[in-house]
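> Questions regarding the structure given below will be posed in turn.
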Amino acid sequence: MGKSGKSNKAGGARSAPYKKPTVSVTYDGDAKPASKSAAKPSKETKTGKKSGATKESNTRKLNIEDKAKELAEKKEAKARAKAEKRAAEPKAAVVERVEAELAGTAETEAPTGPTFKIIAGSYEKLLYGLEGHYPSGSDTPVLKPIFIFPAHLSWIKCIAASPNGKYLATGSEDEFIKVWDLRRRREIGALSQHTGSITSLTFPTSQHLLATSVDATLSLFRTNDWALLKSLKGHSGRVNSVDVHPTGRVALSVGKDQTLKMWDLMRGRGAASLALGSEAEIVKFAPSGTHFAVLYPRKVEIYSLTLKLLHTLETKSRFNALLFTEIPPKDDVSEGEEVLCIGTEKGIVEIYSVEVAGDDEDEDDGDDDEEDEDEDMSGPTAIVSLCGKCVGHTNRIKSISALPFPAPEGPTTLLTTVSSDGFINLYDLRDMPATPETELTPVTSYDTKGSRLTTVFIAEGGVPRPPKKVVRAAEEAKKTGARFAEPEEEESDEESDEEEGEDMYDQSDEESEGSIEVEYEGEEEEEEEEEEEGEYE
């Protein structure tokens, strides 16, 4: 009985109270099985979960990368927009100011006669363009802004316009020469020949541009295709200024090496050199071509073409700008006079009359050698006298430029000046030369609102063409039998260029013989040429 009881206990199942209770959990009303098999996930389920988790993690990674890219793109776009806005801010301000100024001058009378353009540069990299004309029935010109915009990456140092007023060249500290079509008001391109800042520019003809730079070279460009024709080397340091003789055959340059160089542009080489003793800043020919002036900080020297010193002007303050110009004759009997204009540190332009005696009178008199020697020993042969002043600026003069212009009251010479006070002034030199006490005030001015102006140039603007509607109406009227006085045909730029230069700088040596001869005492001309060829070639 006991054994059977033990065996029953050992082999038998546990009674009901010892069974594990089942627990059912309801999720949102759905009952889940309570069995172990249901509680433990199978291998397939685990694998599915793992693969799902992997996909989910990969998806998360992709989402993170996408979000990172999206954020980076947004950040980049925001930075780009901010940079564009920052870059556009000065232009927008300039455009807004120009529009306001143009709106103020919109009601002015449209020019019907000859016009002129004044171009000025500043430390703020801005290029100012003004158009001037004489309104009908008025003897006072008016100025109207036609463009103001940042033209370079650095401040603008020099400006020049071609004789026909078509091309404008600007030089900057950024080492570029930018060329503009002044009539169409658009940029043509940039010349990058030089490796230093551009110091001066001049157009010898409408077909050529001559530039100087800190890199000690002079470059001659052709305007047809803006190709470099010559690179002149001779200075041992920075070239400060260059000017071309009225014939276009000879150029003078001054530089940091304290020398004056004369260049034969026909042959593309040096012709002479003169030690000055100190660094000169500007050199300018007189319109007659018989003499030239060299500007230093505190003096101006006048030389003959034979490099003989004729006269010296000195100042206790400072000279900043220099040019020669010609005053038209006041009537049919009198002759025009040359004057020398010097911009000073005091904000005044001093005007001097210069008379050079014996330019060509005694060159052919071979029997007067003793008299010539006496004249050489007598000292300066130029008579220089102050004949007027231009006032109106409150700070130093930075640059000056002059242009002969057909005013309503007769031919005159317009002188424009820029100063550190931010004003562009225009003077009428009709009454020059006068007396030392004579003070000319500006006939008109333009305020740049505090811009630090550095350079200026006044150029021809031409005669405005009639609107297309007027031309079409005239053509239609002609078809119906109306008759009009035939206007004089104007030469196109291409025709004038062809007539002007059968490229004068590409002529042979035989054609250029004897253009301007420079003689030196005690030396044979042939020996000089041989020495100069060895020095500059």
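Residues in the sequence shown are numbered from 1 upward in steps of one, following full-length UniProt numbering.
Ideal placement from N, C-alpha and C gives every residue a C-beta, glycine not left out.
Does the pairing of the region 106 to 125 with the region 450 to 459 give three or more beta-carbon distances under 8 Å?
Segments in contact, yes.
> Reducing DSSP to helix, strand and coil, say where Asn-240 ends up.
As a working note, residue 240 is residue 240 in the sequence shown. The answer is strand: DSSP assigns Asn-240 an E or B state.
> For Glu-124, name the three-state secondary structure that DSSP assigns.
Mapped onto the sequence shown, residue 124 falls at position 124. In the structure shown, Glu-124 sits in coil (DSSP, three-state: anything other than H, G, I, E or B).
> Tell me the DSSP secondary structure of Lys-330 in three-state form.
Numbered from its first residue, the sequence shown carries residue 330 at position 330. Note: Lys-330 maps to coil in three-state DSSP.
> What is the DSSP secondary structure of Glu-65, reduced to helix, strand or coil?
Walking along the sequence shown from the start, residue 65 turns up at place 65. DSSP places Glu-65 in helix when its eight states are reduced to three.
> Which partner residues does Leu-440 have in the DSSP bridge list?
For this step, residue 440 is matched to residue 440 along the sequence shown. Its beta-bridge partners are Cys-390.
> So, with DSSP's three-state summary, where would you put Ala-190?
Indexing the sequence shown from 1 puts residue 190 at position 190. Reduced to three states, the DSSP call for Ala-190 is strand.
> For Tyr-303, which beta-bridge partners are listed by DSSP?
Mapped onto the sequence shown, residue 303 falls at position 303. Beta-bridge pairing links Tyr-303 to Phe-292 and Leu-309.
> If you compare alpha carbons, which of Ser-136, Val-242 and Pro-404 is closest to Asn-164?
In the sequence shown, the residue the question calls residue 164 occupies position 164. Of the listed residues, the one whose Cα sits closest to Asn-164 is Pro-404.
> What separation, rounded to the nearest whole angstrom, lies between the Cα atoms of Thr-444 and Leu-426?
Position 444 of the sequence shown holds residue 444. Position 426 of the sequence shown holds residue 426. Whole-angstrom Cα-Cα distance: 6 Å.
> For Leu-71, is the classification buried or exposed, using 16 other Cβ atoms within 10 angstroms of its Cβ as the cut-off for buried?
One-based indexing of the sequence shown puts residue 71 at position 71. Leu-71 should be labelled exposed.
> By DSSP's criteria, Ala-402 is part of a beta bridge. Which residues make up the other side?
For this step, residue 402 is matched to residue 402 along the sequence shown. Looking at the DSSP assignment, Ala-402 forms a beta bridge with Leu-415.
> In the DSSP assignment, what residue or residues form a beta bridge with Thr-170?
Taking the first residue of the sequence shown as position 1, residue 170 is located at position 170. In the DSSP output, where bridge partners are listed per residue, Thr-170 has Ile-159 and Lys-178.
> Find the nearest neighbour of Cys-390 within the set Ile-383, Arg-430 and Ser-192, judged by alpha-carbon distance.
By 1-based counting over the sequence shown, the position of residue 390 is 390. Closest by alpha carbon: Arg-430.
> Take Glu-350 and list the residues in its own chain whose beta-carbon comes closer than 7 Å to its own, dropping the five residues that flank it on each side.
The residue labelled residue 350 in the question sits at position 350 within the sequence shown. Excluding sequence neighbours, Glu-350 sits near Ile-342, Thr-344, Leu-386 and Lys-389.
> How big is the Cα-Cα spacing for Leu-220 and Val-242?
To locate residue 220, count along the sequence shown from 1; it is residue 220. To locate residue 242, count along the sequence shown from 1; it is residue 242. Cα to Cα, Leu-220 sits roughly 11 Å from Val-242.
> Given Leu-440, which residues of its chain have a CB within under 6 Å of its CB, disregarding the five upstream and five downstream residues?
Locating residue 440 in the sequence shown gives position 440, counting from the first residue. So the qualifying residues of the chain are Cys-390 and Tyr-427.
> List the whole-angstrom C-beta distance separating Ala-286 from Phe-324, where the pair is believed to meet the contact cut-off of C-beta under 8 Å.
For the purposes of this step, residue 286 is taken as the residue at position 286 of the sequence shown. For the purposes of this step, residue 324 is taken as the residue at position 324 of the sequence shown. Right, the Cβ-Cβ distance comes to about 4 Å (below 8 Å), so this counts as a contact.
> For my contact list, Leu-201 and Leu-209 are in at a C-beta cut-off of 8 Å; report their separation, rounded to the angstrom.
Here residue 201 is taken as the residue at index 201 of the sequence shown, counted from 1. Here residue 209 is taken as the residue at index 209 of the sequence shown, counted from 1. Right, the Cβ-Cβ distance comes to about 7 Å (below 8 Å), so this counts as a contact.
> Taking just the CA atoms, how far does His-133 sit from Thr-416?
Within the sequence shown, residue 416 is the residue found at index 416, counting from 1. Within the sequence shown, residue 133 is the residue found at index 133, counting from 1. If I take the Cα positions, the gap works out to 14 Å.
> Would you mind sorting Pro-111 into buried or exposed? The rule is 16 or more other CB atoms within 10 Å of its CB.
Along the sequence shown, one-based indexing puts residue 111 at 111. Counting Cβ neighbours within 10 Å, Pro-111 comes out buried, since at least 16 surround it.
> Considering only C-alpha positions, which residue in the set Ile-397, Ser-162, Leu-265 and Thr-448 is nearest to Arg-249?
In the sequence shown, residue 249 corresponds to position 249, counting from 1. Answer by Cα proximity: Leu-265.
> Under 7 Å Cβ to Cβ from Ser-451, same chain only, skipping five residues before and after it: list those, please.
Mapped onto the sequence shown, residue 451 falls at position 451. These residues qualify, in order along the chain: Ser-122, Glu-124, Leu-126 and Gly-422.
> Ala-280 and Leu-295 look like a contact to me (Cβ under 8 Å); what is the Cβ gap, rounded to whole Å?
Reading the sequence shown from its first residue, position 280 is the one you call residue 280. Reading the sequence shown from its first residue, position 295 is the one you call residue 295. 6 Å between Cβ atoms; contact.
> My guess is that Val-384 and Ile-302 are in contact by the Cβ rule of under 8 Å, so how many angstroms apart are they, rounded?
By 1-based counting over the sequence shown, the position of residue 384 is 384. By 1-based counting over the sequence shown, the position of residue 302 is 302. At roughly 7 Å, the Cβ-Cβ gap stays under 8 Å, so Val-384 and Ile-302 are in contact.
> State the CB to CB distance for the pair Pro-329 and Thr-412, rounded to an integer number of angstroms; the pair is presumed to be in contact (CB under 8 Å).
Along the sequence shown, read from residue 1 onward, the residue named residue 329 stands at position 329. Along the sequence shown, read from residue 1 onward, the residue named residue 412 stands at position 412. At roughly 11 Å, the Cβ-Cβ gap does not stay under 8 Å, so Pro-329 and Thr-412 are not in contact.
> Residues bridged to Pro-145 by DSSP?
The sequence position of residue 145 within the sequence shown is 145, counting from 1. Its beta-bridge partners are Leu-130.
> Leaving out five residues before and five after Gly-268 in sequence, what residues of the same chain have Cβ atoms less than 8 Å from its Cβ?
The residue labelled residue 268 in the question sits at position 268 within the sequence shown. Excluding residues within five positions, the ones whose Cβ falls inside 8 Å are Leu-220, Leu-229, Lys-230, Leu-232 and Tyr-505.
> Give me, in chain order, the residues of the same chain whose beta-carbon lies closer than 6 Å to that of Ala-434; leave out the 5 immediate sequence neighbours on both sides.
Reading the sequence shown from its first residue, position 434 is the one you call residue 434. If we look at Ala-434 and ignore the five residues flanking it on each side, its Cβ neighbours are Cys-387 and Gly-388.
> Is Ser-419 closer than 8 Å to His-393 when the C-beta atoms are compared?
Translated into the one-based positions of the sequence shown, residue 393 becomes position 393. Translated into the one-based positions of the sequence shown, residue 419 becomes position 419. In this structure, Ser-419 lies closer than 8 Å to His-393 by Cβ.
> Which partner residues does Gly-410 have in the DSSP bridge list?
As a position in the sequence shown, residue 410 is number 410, starting the count at 1. BP columns for Gly-410 point to Ala-407.
> Val-283 and Leu-260: beta carbons closer than 8 Å?
Taking the sequence shown and counting its residues from 1, the one referred to as residue 283 is at position 283. Taking the sequence shown and counting its residues from 1, the one referred to as residue 260 is at position 260. Taking 8 Å as the Cβ cut-off, Val-283 and Leu-260 qualify as a contacting pair.
> Tell me the rounded alpha-carbon separation between Asp-225 and Phe-147.
On the sequence shown, position 225 is the one that residue 225 refers to. On the sequence shown, position 147 is the one that residue 147 refers to. Approximately 26 Å, taken between the alpha carbons.
> Does the Cβ of Asn-320 have 16 or more other Cβ atoms within 10 Å, making it buried, or fewer, making it exposed?
The residue labelled residue 320 in the question sits at position 320 within the sequence shown. Per the 10 Å Cβ criterion, buried.
> Sort Glu-173, Gln-193 and Arg-396 by Cα distance to Thr-217 and report the nearest one.
Indexing the sequence shown from 1 puts residue 217 at position 217. The option with the nearest alpha carbon to Thr-217 is Gln-193.
> Residues bridged to Ser-200 by DSSP?
Working through the sequence shown from its first residue, we reach residue 200 at position 200. Answer is Thr-212.
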